[in-house]
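One structure is given below, encoded as structure tokens.
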RNA sequence: GGGAGCGUAGCUCAGCUGGUAGAGCAAGUGACUCUUAAUCACUGGGUCCAGGGUUCGAAUCCCUGCGCUCCUACCA
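Numbering (the numbering used here), first residue to last: -19 to 463.
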């Protein structure tokens, strides 16, 4: 890697340019975006553009280049008649990948290509490395993730996808601000991990000589703000979970958590039904989105279906499902499994609750293609939410499911400190230290009834951009180090 | 964690049952004043992922390691 023929040639051409009076790494160059130049094209007007050379078509006395500045591509024409001799000679020293600034006159070729006839130009950055092949670009997935800058400079779809991601973040903020929510930041560096059941990353704080963890969720701090009277808050930031990496999991990922005091689960449903169409309208331009390899159409027009967990199970497994004993349910589940060809994992399943959950996960959730709120879950699944008022065996939450996957949960939050402590203790088992005493004491000051919501932003971006891998929507996904 | 596949020129990829490595693009030189994946001619370019083994001989077969991809399992 230290030396190769391409690098040597480019170093030589760099020296040649220097000898001709150019600075191979130039300075500030005021210019307009290519997208703007294209939109405001007026034949014969003088314009200044800057960007990277993607293609060079040399024809001797008239040469064509394709330049990319991140907002689009534009053709530059270097013509012997139109350039001072030194600038025409120096053009021969340019290579693919070099970044230049050019001033010239807008011109449309006979084939109708909008172009800039260059009258003056300068080099702004010499590229010593060879860019990937012009037609296929960088195709190797590993290289695209490891060297995202090369992927971005050559693959327009990649760049477009991250523009979209950025717009989704901005419009999410705008939407929540417009509804009176305040954006806040809470600690990422924590002394104990809470708000979720996940293994944290450990680190060490030298000044205090204390072990710390990176947060697995902002939840417990955001609720402290509700106690303090910040009634409508959201945080958009990173969580870290020390678990596996696969197509839908990156160890650091972006979450949006939203809390609304004096609200409940249904307030959060309203936010989802407002936010998602807002993102579709402002960022994507359509409420119907092709999803996954099948390209199935997901329709984000509201209202979304709301259905109780048990009703959903009955739809698939029969009206009598919850009246059957465990043995009879097992029989029925096996029959259904055989009939649908879906394998149920029944090894550790010892009661009706677990069996029903397995049936839901494998046979039911995957078939919920259009946006659906699954509500009223058994309380055992969600220990930190509040029970339904009419049925203490159920919790007042939803799982928002799209395309057969859970996109986000929403809760009527537990604000009873006594119940919260019980739930913590059950969750923590013997490990008493895991109970967050300061959080309990915050609840003991009184937290208003509250609705809460947590969205995996990466997965939201995947859904809206039609990607089926988290690495495609994270600029620098975690990879093992190569050598 | 289990299964399958992949790793060859800067990039995209061929390379059959083992016989000393090939194309296109890119690069260098030359021709060409409307090209646009420009075209034409000539030229250069390789630790075939790493290490070991089998063999007279390995990119090719076997083993180990590293990395990636897909499937599957797990995961608030």
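From the three backbone atoms N, C-alpha and C, an ideal C-beta is built for every residue, glycine too. On a predicted model such as this, the values are computed, not experimentally measured, just so you know.
Using beta-carbon positions only, say whether residue i and residue j come within less than 8 Å of one another.
{"i": "residue 428", "j": "residue 206", "result": "yes"}
{"i": "residue 230", "j": "residue 450", "result": "yes"}
{"i": "residue 453", "j": "residue 447", "result": "yes"}
{"i": "residue 256", "j": "residue 433", "result": "no"}
{"i": "residue 245", "j": "residue 391", "result": "yes"}
{"i": "residue 424", "j": "residue 397", "result": "yes"}
{"i": "residue 50", "j": "residue 127", "result": "no"}
{"i": "residue 174", "j": "residue 438", "result": "no"}
{"i": "residue 23", "j": "residue 88", "result": "yes"}
{"i": "residue 335", "j": "residue 309", "result": "yes"}
{"i": "residue 361", "j": "residue 380", "result": "no"}
{"i": "residue 84", "j": "residue 98", "result": "yes"}
{"i": "residue 288", "j": "residue 227", "result": "no"}
{"i": "residue 294", "j": "residue 281", "result": "no"}
{"i": "residue 75", "j": "residue -13", "result": "no"}
{"i": "residue 17", "j": "residue 54", "result": "yes"}
{"i": "residue 172", "j": "residue 278", "result": "no"}
{"i": "residue 134", "j": "residue 167", "result": "no"}
{"i": "residue 430", "j": "residue 129", "result": "no"}
{"i": "residue 28", "j": "residue 86", "result": "no"}
Classify residue i as buried or exposed, calling it buried when 16 or more other Cβ atoms lie within 10 Å of its own Cβ.
{"i": "residue 202", "result": "buried"}
{"i": "residue 73", "result": "buried"}
{"i": "residue 170", "result": "buried"}
{"i": "residue 45", "result": "buried"}
{"i": "residue 394", "result": "buried"}
{"i": "residue 192", "result": "buried"}
{"i": "residue 421", "result": "exposed"}
{"i": "residue 463", "result": "With a pLDDT of only 46 at residue 463, under 50, the local geometry of the prediction cannot be trusted, and no value is derived from it."}
{"i": "residue -18", "result": "Its pLDDT being 42, under 50, residue -18 is placed unreliably by the model, and the measurement read from it follows with that caveat. Residue -18 comes out exposed."}
{"i": "residue 400", "result": "buried"}
{"i": "residue 82", "result": "buried"}
{"i": "residue 215", "result": "buried"}
{"i": "residue 331", "result": "exposed"}
{"i": "residue 37", "result": "exposed"}
{"i": "residue 219", "result": "buried"}
{"i": "residue -6", "result": "buried"}
{"i": "residue 419", "result": "buried"}
{"i": "residue 155", "result": "buried"}
Between residue i and the ligand PLP, is there a pair consisting of the residue's CB and a ligand heavy atom that are separated by less than 7 Å?
{"i": "residue 64", "result": "Among the components modelled here there is no ligand, and therefore nothing to report on the ligand PLP."}
Tell me, to the nearest whole angstrom, how far the beta carbon of residue i is from that of residue j; I am working on the premise that it is less than 8 Å.
{"i": "residue 43", "j": "residue 34", "result": "The Cβ separation is near 14 Å, so there is no contact."}
{"i": "residue 333", "j": "residue 358", "result": "6 Å"}
{"i": "residue 384", "j": "residue 348", "result": "6 Å"}
{"i": "residue 103", "j": "residue 31", "result": "Between residue 31 and residue 103 the Cβ distance is about 12 Å, and since that is not below 8 Å, they are no contact."}
{"i": "residue 148", "j": "residue 95", "result": "In fact, because the Cβ distance is near 34 Å, the residues do not count as touching under 8 Å."}
{"i": "residue 198", "j": "residue 217", "result": "7 Å"}
Hey, quick one: how far does the beta strand (DSSP E) through residue i stretch, first residue to last?
{"i": "residue 376", "result": "371 to 382"}
{"i": "residue 126", "result": "Taken as a continuous stretch (DSSP letters only), residue 126 belongs to no beta strand (DSSP E), being part of the alpha helix (DSSP H) at 121 to 126."}
{"i": "residue 418", "result": "Per DSSP, residue 418 belongs to no beta strand (DSSP E); it is in the alpha helix (DSSP H), 417 to 424."}
{"i": "residue 464", "result": "The requested residue 464 is not part of the displayed model; the chain covers only -19 to 463."}
{"i": "residue 276", "result": "276 to 279"}
Could you tell me the boundaries of the alpha helix (DSSP H) in which residue i lies?
{"i": "residue 150", "result": "136 to 158"}
{"i": "residue 452", "result": "Here residue 452 belongs to no alpha helix (DSSP H), and DSSP marks it neither H nor E."}
{"i": "residue 392", "result": "Premise fails: residue 392 lies in the beta strand (DSSP E), 385 to 392, not in any alpha helix (DSSP H)."}
ask   = Which runs of the beta strand (DSSP E) spanning at least 3 residues fall entirely within the segment 50 to 110, listed in chain order?
value = 53 to 59, 79 to 88 and 94 to 105
inquiry  = Report the start-end ranges of each beta strand (DSSP E) in the segment -7 to 45 that is 3 residues or longer and not cut off at the edges.
reply    = 26 to 38
key: Uninterrupted beta strand (DSSP E) stretches inside the segment 285 to 311 (no shorter than 3 residues)   = 285 to 288
task = At 4 residues or longer, and completely inside the segment 209 to 272: list those alpha helix (DSSP H) runs for me, N to C.
result = 245 to 259
ask   = In chain order, which beta strand (DSSP E) runs of at least 3 residues are fully inside the segment 310 to 353?
value = none
key: Whole runs of the alpha helix (DSSP H) within the segment 167 to 213, excluding any shorter than 4 residues   = 199 to 207
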